[in-house]
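Report on one structure; see the data block that follows.
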Amino acid sequence: MRRLLVILALVTALTSLARAAFPPGFLWGTAISGFQTEMGGKPGHNDPSSDWWVWVHDADNRSQNRVSADVPETGPAFYDKFRAQSRKARSGLRSNTLRLSIEWSRIFPTSTAGVDISGGIDLHVLQQLDALANQGEVAHYREVFRALRRAHLKPFVTLNHFSLPLWIHDPIKARDAFNGTDPNGPPPSGFGPAGWVDAVTATEFAKYAAYLGWKFGDQVDLWAPLNEPEVVAVSGYVNIPGLFAANFPPGAFSFTAAIQVMVNEITANAAAYDALKQWDTVDADGDGTPATVGLVQNMVAFHPKNPMSPLDVQGTQHADYLFNLLFLNGAIHGDVDANANGTIDSGEHHPELVGKADFVGVNYYFRAVVQGVGVPLTPAIPILDFIPTTSYQTPHNPTGMPCPSTCSDFGWEIYPIGLREMLTEVATYGLPVYITENGIADADDNQRPAYLVHHLEVLDQAIADSVADVRGYYHWALMDNFEWASGYWPQFGLYGVDTKKRLVTRQSGRDYKRIAKGNGVPADLVTLFGPP
1236 MRRLLVILAL VTALTSLARA AFPPGFLWGT AISGFQTEMG GKPGHNDPSS
1286 DWWVWVHDAD NRSQNRVSAD VPETGPAFYD KFRAQSRKAR SGLRSNTLRL
1336 SIEWSRIFPT STAGVDISGG IDLHVLQQLD ALANQGEVAH YREVFRALRR
1386 AHLKPFVTLN HFSLPLWIHD PIKARDAFNG TDPNGPPPSG FGPAGWVDAV
1436 TATEFAKYAA YLGWKFGDQV DLWAPLNEPE VVAVSGYVNI PGLFAANFPP
1486 GAFSFTAAIQ VMVNEITANA AAYDALKQWD TVDADGDGTP ATVGLVQNMV
1536 AFHPKNPMSP LDVQGTQHAD YLFNLLFLNG AIHGDVDANA NGTIDSGEHH
1586 PELVGKADFV GVNYYFRAVV QGVGVPLTPA IPILDFIPTT SYQTPHNPTG
1636 MPCPSTCSDF GWEIYPIGLR EMLTEVATYG LPVYITENGI ADADDNQRPA
1686 YLVHHLEVLD QAIADSVADV RGYYHWALMD NFEWASGYWP QFGLYGVDTK
1736 KRLVTRQSGR DYKRIAKGNG VPADLVTLFG PP
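What follows is the structure, encoded as structure tokens:
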């Protein structure tokens, strides 16, 4: 009997072991953004100075269902609860890192346009910026980073996670200026402040980046200037009536503006990269590099609707290029396809933009099916010859097509092997890779445990097969939060949030803790959920 008990104990121990370990020093984390999580605590800690604040509170946007009736000031209150919530990230999930963002509008609620950087950014420029900055907010973010480091969480800081200061972008003026304009014609002008449509935004972004590097370089070594730049372009400027409407500010329908935004974001990324490299001079984590600066790119696994159809195959290639690769090519190779024709024409290679990334961050969620149409849908983008299906029928989208397999609450098709497909693509750039977001809208937490395990199994095998040099994994998100125009119903958190802003553990969070603690997926979870 005793021998049998010993055998059973050994079997139990072995089945709980990780099937395979991730590389030593692998980063296990979660991701959040400022606008989505900071508010919900003390009213004085709300931030009404951003374009997204104005956008979601606008009466016309609400009456036209561009946004939900939810508001960010009822969010998870990370601004006030960052100490407790970061401890939960560490102790409850066994994370060793947290990806978060700084709100530009908190640091500079008023314009920095009067600070001249035509001669470069020097200490005098930084001192001028320091006089304009909200020092209370600077002190707040410094304390956030110190708290993370005390909790043994490496800060991974995104400079801009969608929201812009109002002095950079007035979304209501922009919305009204674009209303009724030709989507194939030049963007309207003279309405300002115009956000990423205006090249001046890249100049102001360089000042902001330099200031953050100077102020926080002793606390932060891992940076990303922009979050999902192509999402800003598509969701803000390609809202096609009756076909697609993500309703990001300014909710415009302008193909030409979308491309202009992408070009300006490529320029802004390069300027921010240089500024961070110049002014973050302190090696905070002792790895020998003061500033590691990279890209965070949303990537979709595009597949042809009919793999035997030449039009669908061509459309899929073009979708992959425009959405997944156009920004990466500009930021890494300096190839800026400003006319979006799929080739780099004379004058479109910019040596000064080459190599403005130390790593590629991949945000991966779902697969999309592409139907090619054989002709451009707009002369402004000659290779836009396809219609993608990116989401399927849900209670919030009752007219959508039925899900072809398994879909999230958002209607996104779950396709774990797509993560390997995206890693195969980004590996061609020859840079280290982080999975900077991966997650699922799943209010009941019924699908998230399997989603988590299956994607990490795929990642584990991709690393073992040397598909890409992957250094870390960040699950979106630490907790449920304000999902932009959709509000609070899409729940992405490993933690829920109760009415007192306490984080509530979910089974997926317990599973994540075991994975991070063991630096690998436990064999019993592999057995429980089966193959991806």
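With the numbering used here applied, the sequence shown closes on residue 1767, and no number is skipped along the way.
Glycine is no exception: its CB is placed at the ideal position from the N, C-alpha and C atoms.
The structure presented is a predicted model; accordingly, all values stated were derived computationally and were not measured.
Apart from sequence neighbours up to five positions away, the residues of its chain that approach Asp-1715 with a beta-carbon distance below 6 Å are Gln-1726, Gly-1728, Gly-1731 and Val-1732, ordered along the chain. Using a C-beta cut-off of 8 Å, the stretch 1509-1516 makes contact with the stretch 1426-1446, since at least three inter-stretch Cβ pairs fall below that distance.
Residue environment analysis places Met-1636 among the exposed positions, since fewer than 16 neighbouring C-beta atoms fall within 10 angstroms of its C-beta. Between Asp-1547 and the set Ala-1382, Ala-1573, Ile-1622 and Asn-1681, the nearest pair of CA atoms involves Ile-1622. With the rule of 3 Cβ pairs closer than 8 Å, the stretch 1686-1694 does not count as touching the stretch 1259-1277.
Pairing Trp-1711 with Glu-1672 gives a Cβ-Cβ distance under 8 Å. Residue Pro-1485 holds the alpha-carbon nearest to the alpha-carbon of Val-1291 among Ile-1670, Pro-1485 and Leu-1763. Inclusion of Ser-1640 and Asp-1677 in the CB contact set at 8 Å is not warranted, their separation being larger than that value. The Cβ neighbour count for Glu-1378, taken over all protein chains shown within 10 Å, is under 16; the residue is labelled exposed.
Using a 10 angstroms sphere on the CB of Ser-1298, the tally of other CB atoms stays under 16, which defines it as exposed. Taking 3 residues as the shortest admissible run, the stretch 1488-1542 contains the following complete beta strand (DSSP E) segments, listed from N- to C-terminal end: 1530-1539. Note that the C-beta distance between Asn-1598 and Gln-1549 is not below 8 Å. A residue is called buried when at least 16 other Cβ atoms come within 10 angstroms of its Cβ; Ala-1304 does not meet this threshold and is exposed.
Take the alpha-carbon of Trp-1288 and the one of Pro-1307: they are about 8 Å apart.
Here His-1387 carries a coil assignment [DSSP, helix/strand/coil]. Distance from the CA atom of Phe-1413 to the CA atom of Trp-1402, rounded to whole angstroms, is 18 Å. A buried status is given to Arg-1410, since no fewer than 16 other beta-carbon atoms sit within 10 Å of its beta-carbon.
In this structure, Gly-1279 keeps its C-beta atom at 8 Å or more from the C-beta atom of Gly-1310. Take the alpha-carbon of Lys-1752 and the one of Thr-1347: they are about 44 Å apart. If you draw a straight line from the Cα of Ile-1675 to the Cα of Pro-1651, it is about 11 Å long. Inclusion of Asp-1593 and Val-1528 in the CB contact set at 8 Å is warranted, their separation being smaller than that value.
Residue burial is scored here from C-beta neighbours: Met-1497 has at least 16 other C-beta atoms within 10 angstroms and is therefore classed as buried. With a 10 Å radius around the Cβ and a threshold of 16 neighbouring Cβ atoms, Val-1756 comes out buried. Here Gln-1320 is buried: its Cβ has 16 or more other Cβ atoms, across all protein chains shown, within 10 Å. In the displayed model, Glu-1273 falls within coil according to three-state DSSP, outside both helix and strand. Going by beta carbons, Leu-1563 and Val-1595 fall inside the 8 Å limit. Residue Asp-1620 holds the alpha-carbon nearest to the alpha-carbon of Leu-1557 among Asp-1620, Ala-1386, Glu-1656 and Asp-1704.
DSSP places Ile-1622 inside the beta strand (DSSP E), whose first and last residues are 1621-1624.
CA-CA distance, Gly-1582 to Arg-1329, rounds to 49 Å. The criterion of a C-beta distance shorter than 8 Å is satisfied by Pro-1418 and Thr-1613.
When DSSP states are grouped into helix, strand and coil, Asp-1570 belongs to the strand group.
Within the same chain, Cβ atoms closer than 6 Å to the Cβ of Asp-1518 are found at Pro-1525, the five residues on either side in sequence being excluded.
Between Leu-1333 and Thr-1265, the C-beta spacing is below 8 Å. Trp-1458 and Leu-1666 have their C-alpha atoms some 15 Å from each other. The alpha carbon of Val-1589 has as its nearest neighbour, out of Phe-1601, Ala-1566, Arg-1602 and Gly-1577, the alpha carbon of Ala-1566.
With a cutoff of 8 Å on beta-carbon distance, Gly-1577 and Ile-1618 are scored as near each other.
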